[in-house]
Ligand code: 9PG
């Protein structure tokens, strides 16, 4: 297989509408130009592309995307692609060109869902497969090529495998999401690297890329191994202060560092500093009780979305992002949240200085109230297409600005866990990141619960969390601490078999990632406790090895849609994803 630089492709419009999309040859003398945009390229098709973009006109230009197109030559079939998902919950794993499809092409896929799971919320071209931030391509001839952006903080990097005139093409796309370049403005784009390896070396290629991207972005990888409890996966929205306190009392017998309250305490989405009727105490009193029990108080918030009837939204309508018609932009939907519009929530405009001051204040107030551990959820909302106060900002810059405000308010010592987050946007700002969909008290998704057309694999199910935990194992201690999502230890009030619960526990262990329990502790017996102790013992070993040596290795990452092999620190885990049966061995 060869990757041969072919041309430049630009999608842009003169501010206000007229398209200036087009292609330009590369390789000749002078910088290729499409309409008012000039692109400086250094090393296209070599192992390292450096590039930048300039608006040479005297009018503003809205840039959707700029791509260097590589022809994929002599790859042979099957042509496999490591498809890296956009955000925490987005499906990650191997797909085959000409066989698999992009979920945005499913006829009844919903635009909000496409915005949640891709940098570009528009549907792809037929036959196209796309990966965010990084990919590995492997043809039938055996060579594997990693193509990855060194960062995703200033703009997204989307790798699109498409049918071209002469065969497959890989588009290395800088996605700016219609960010407006002022007349004369010049912007650096994130570099793209290509690394080659043998047919079995995808895990090593990915580990090497993650190490370089982490070092480049100043990744926060030094936090201690985390063991904790989280209120979500037993109580969900019905968590009460009584239930929280009952678990805190039982936690005395458990080895938790962190004790984290999840969704369900807040008076409204967006009004994070006040509790609802289920929580008679204020947040500082709850944090004080957790701290008095010797645990680190943790709290969930969804800082960039607000309920239509929340105080923040009704008192500050100018803080909301907008659609072109002037109505507030939707950032997520969840009927359980209420808000007055069937569960639809608005997105805050993180390019508005007052919004950033507000976010900083919320974070500082929560840390001052006693929560040095914050889980930030549904944080993709500022990436959506819309009308933003500062039109020069890209989707990546909008998300990152929100995280930066929270980090400023929370201080350097707070553990920040990203969730529902476009992963490339937050390197250097988060300590941990959720790297997969939610677990659930069942293995596969249950019939009749497929409520996201095209995106079923991103819905809550332990199998879906399992898949991403293997496929993103290379990121642990390179980009952040991986959070594979909570263990599911209980044997009552669950449809997970004992074998499946053990398989998931072993997976969390061999991933070296965060070990969080999320059961009503009253339901857990001695077997559950022994399983947690086993997870923590193996997890600590794997985590320590990942700090100094290689991250966990998923050996069959390109072999099948759902891999089953994970190895680290002498441990070999093999799982059949269909039956959820596992075998775990220690090499001697
Ligand atoms: C709280 C939860 C937990 C959980 C998060 C996140 O696609 N969905 O509709 C969807 C809903 C909830 C969800 C993920 C996806 O879970 O991952 O740990 O904090 O929010 O509401």
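Numbering (the working numbering), first residue to last: 990 to 1577.
Just so it is clear, CB atoms sit at the ideal spot from N, CA and C, and this is done for glycine as well.
For residue 1411, DSSP records a beta bridge to 1076. The DSSP assignment places 1100 to 1106 as complete runs of the alpha helix (DSSP H) inside the segment 1045 to 1125, in order along the chain (cut-off: 4 residues). In the three-state DSSP reduction, residue 1405 falls in the strand class (E or B).
Residue 1475 is not bridged by DSSP to any residue. As computed with DSSP, residue 1438 is found in no beta bridge at all. Closest option to residue 1171, judged by alpha-carbon separation, among 1483, 1570, 1043: 1043. Taking 8 angstroms as the upper bound for CB-CB distance, residue 1557 and residue 1531 are in contact here, some 4 angstroms apart. Put simply, the segment 1196 to 1213 touches the segment 1131 to 1141. At least three CB pairs are less than 8 angstroms apart. Residue 992 places its beta carbon 8 angstroms or farther from that of residue 1150. Ligand 1 never approaches residue 1327 closely enough for any of its heavy atoms to be under 7 angstroms from the residue's Cβ. A Cβ-Cβ separation of about 12 angstroms leaves residue 1113 out of contact with residue 1089 under the 8 angstroms criterion. In the DSSP assignment, residue 1340 falls outside any alpha helix (DSSP H), carrying neither H nor E.
In the structure shown, the three-state DSSP call for residue 1541 is coil. Runs of beta strand (DSSP E) with 3 or more residues, each lying fully within the segment 1467 to 1519, are found at 1470 to 1472, 1504 to 1506, listed in chain order.
In this model, residue 1003 and residue 1337 are separated by some 27 angstroms (Cα to Cα). Beta bridge pairing from DSSP links residue 1364 with 1289, 1406.
Close CB contacts of residue 1130 within its chain, under the 6 angstroms cut and outside five residues either way in sequence, are with 990, 1065 (chain order). When C-alpha distances from residue 1181 are compared across 1210, 1211, 1167, 1144, the shortest belongs to 1144.
Within 7 angstroms of the C-beta of residue 1461 there is not a single heavy atom belonging to ligand 1. Between residue 1570 and residue 1488, the C-beta gap is smaller than 8 angstroms, which places the two residues in contact. Cα atoms of residue 1552 and residue 1342: separation of roughly 44 angstroms, rounded to the nearest angstrom.
Here residue 1177 is exposed, its C-beta having fewer than 16 other C-beta atoms within 10 Å. Contact between residue 1022 and residue 1013 holds, with the beta-carbon distance rounding to 6 angstroms and staying under 8 angstroms. Here DSSP, grouped into helix, strand and coil, assigns residue 1574 to strand. For residue 1135, the enclosing beta strand (DSSP E) begins and ends at 1133 to 1138. Membership of residue 1197 in the alpha helix (DSSP H) is indicated by the continuous run 1191 to 1205. No heavy atom of ligand 1 is found nearer than 7 angstroms to the CB of residue 1265. Residue 1448 has its Cβ nearer than 7 angstroms to a heavy atom of ligand 1.
Set against 7 angstroms, the gap from the CB of residue 1423 to the closest heavy atom of ligand 1 is smaller. About 6 angstroms separates the Cβ atoms of residue 1460 and residue 1543, confirming a contact at the 8 angstroms cut-off. Looking at the DSSP output, residue 1157 sits in a beta bridge with 1152. Distances between the C-beta of residue 1323 and the heavy atoms of ligand 1 include at least one below 7 angstroms. In this structure, DSSP gives residue 1265 a state outside helix and strand, which the three-state scheme calls coil. Between residue 1075 and residue 1000, the alpha-carbon positions lie close to 21 angstroms from each other. Between residue 1057 and residue 994, the C-beta spacing is below 8 angstroms.
Contact check for residue 1392 against residue 1247 fails: the beta carbons are separated by 8 angstroms or more.
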